[in-house]
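Below: one structure, written as structure tokens.
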Amino acid sequence: MKWNQKTIHQWGIDTFGNAALNTLGVAIRMSKEAIELSNVLMTMDDVDKISMESADVAIVLVQVANCVGFDVHVEDQAVEEVDNAIDTEIDAAMILNAAAVDLLSALFHGAEKDQVVLQIKKIMTCLGALEELYQFDLVEKIQEKMEINVARQWAKKEDGSFQHV
Numbered sequence: 005m006k007w008n009q010k011t012i013h014q015w016g017i018d019t020f021g022n023a024a025l026n027t028l029g030v031a032i033r034m035s036k037e038a039i040e041l042s043n044v045l046m047t048m049d050d051v052d053k054i055s056m057e058s059a060d061v062a063i064v065l066v067q068v069a070n071c072v073g074f075d076v077h078v079e080d081q082a083v084e085e086v087d088n089a090i091d092t093e094i095d096a097a098m099i100l101n102a103a104a105v106d107l108l109s110a111l112f113h114g115a116e117k118d119q120v121v122l123q124i125k126k127i128m129t130c131l132g133a134l135e136e137l138y139q140f141d142l143v144e145k146i147q148e149k150m151e152i153n154v155a156r157q158w159a160k161k162e163d164g165s166f167q168h169v
């Protein structure tokens, strides 16, 4: 299967039910993935691990985008100030975490859609910068990671989130 925003979101609904439709809950999961990616960026120089963690962030981010009605494939001008600020993995980690927090804040406080979309774009820009820095194909890594995710068993935790077992 060719994975894209629509098919990833449908897999989320099929796998996690209504939890995949909870925008704030999905954004919290994306933030957890962003923290995992940041930790990898700060502690190791393993391109495969960085690329797969980037795919995790992207997979959950497109689910957030779908929840708010934003098509990530729409051509748009890059978030220039973010793109210009990323020269190292440390820059990417800091900006990624800040954008994840800003996304959660925007959703929690009921910000206008354009403010939520701006944070999604910032995160996407960080992922694109990492793709360039580490020379990997994010779309290819998303395909690989989705095949892994589909094969996994998932269990609902006490806090309502899901984790593979």
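When the letters of the sequence shown are read in order and numbered with the working numbering, they come out as residues 5 to 169. Ideal Cβ positions, reconstructed from N, Cα and C, are used throughout, including at glycine. Note that the structure is predicted; figures quoted are calculated from it, not measured.
Could you tell me whether the Cβ atoms of Leu-65 and Ile-146 are closer together than 8 angstroms?
Translated into positions along the sequence shown, residue 65 becomes position 61. Translated into positions along the sequence shown, residue 146 becomes position 142. It is not a contact, given that the beta carbons lie outside the stated cut-off.
Looking at C-alpha atoms only, which residue of Asn-153, Met-150, Phe-140 and Gln-157 is the closest neighbour of Asp-52?
On the sequence shown, position 48 is the one that residue 52 refers to. Nearest C-alpha to Asp-52: Phe-140.
Within a Cβ cutoff of 8 angstroms, which residues of the same chain sit near Asp-50, ignoring the five residues on either side of it in sequence?
Position 46 of the sequence shown, counted from the start, is the residue given in the question as residue 50. So the list reads Val-44, once near-sequence residues are dropped.
Report the start-end ranges of each alpha helix (DSSP H) in the region 16–53 that is 4 residues or longer and not cut off at the edges.
27–47
Using CA atoms only, rank isn't needed, just tell me which of Glu-40, Ile-94 and Lys-149 is closest to Ile-12.
Within the sequence shown, numbered from 1, the residue matching residue 12 stands at position 8. The residue with the shortest Cα to Cα distance from Ile-12 is Lys-149.
Just confirm the distance between the C-beta atoms of Ala-59 and Gln-9, as a whole number of angstroms; I'd bet it's less than 8 angstroms.
Here residue 59 is taken as the residue at index 55 of the sequence shown, counted from 1. Here residue 9 is taken as the residue at index 5 of the sequence shown, counted from 1. 14 angstroms between Cβ atoms; not a contact.
Return the first residue and the last residue of the beta strand (DSSP E) that Ala-97 is part of.
Residue 97 sits at position 93 when you count from the first residue of the sequence shown. Where Ala-97 is concerned, there is no enclosing beta strand (DSSP E), although the alpha helix (DSSP H) it sits in stretches over 93–112.
Rounded to whole angstroms, what's the CA-CA distance from Ala-155 to Thr-19? Just pull it up for me.
As a position in the sequence shown, residue 155 is number 151, starting the count at 1. As a position in the sequence shown, residue 19 is number 15, starting the count at 1. Roughly 11 angstroms between the two C-alpha positions.
With a threshold of 8 angstroms on Cβ separation, who are the neighbours of Gln-167 within its own chain once the five nearest residues in sequence on each side are excluded?
The sequence position of residue 167 within the sequence shown is 163, counting from 1. These residues qualify, in order along the chain: Trp-158, Ala-159 and Lys-161.
Going by the DSSP bridge assignment, what does His-168 pair with across the sheet?
Position 164 of the sequence shown, counting from 1, holds the residue named residue 168. Paired residue(s): Trp-158.
Apart from the five residues on each side of it in sequence, which residues of its chain come closer than 6 angstroms, Cβ to Cβ, to Val-31?
Within the sequence shown, numbered from 1, the residue matching residue 31 stands at position 27. Checking the sequence, you will find Ala at residue 31 rather than Val. Excluding residues within five positions, the ones whose Cβ falls inside 6 angstroms are Val-68, Leu-107, Leu-108 and Leu-111.
Beta-carbon proximity of Ala-104 to Ser-35, cut-off 8 angstroms
On the sequence shown, position 100 is the one that residue 104 refers to. On the sequence shown, position 31 is the one that residue 35 refers to. The answer is yes: Cβ separation under 8 angstroms.
Give the range of the alpha helix (DSSP H) segment to which Val-120 is assigned.
The residue labelled residue 120 in the question sits at position 116 within the sequence shown. Where Val-120 is concerned, the enclosing alpha helix (DSSP H) stretches over 117–138.
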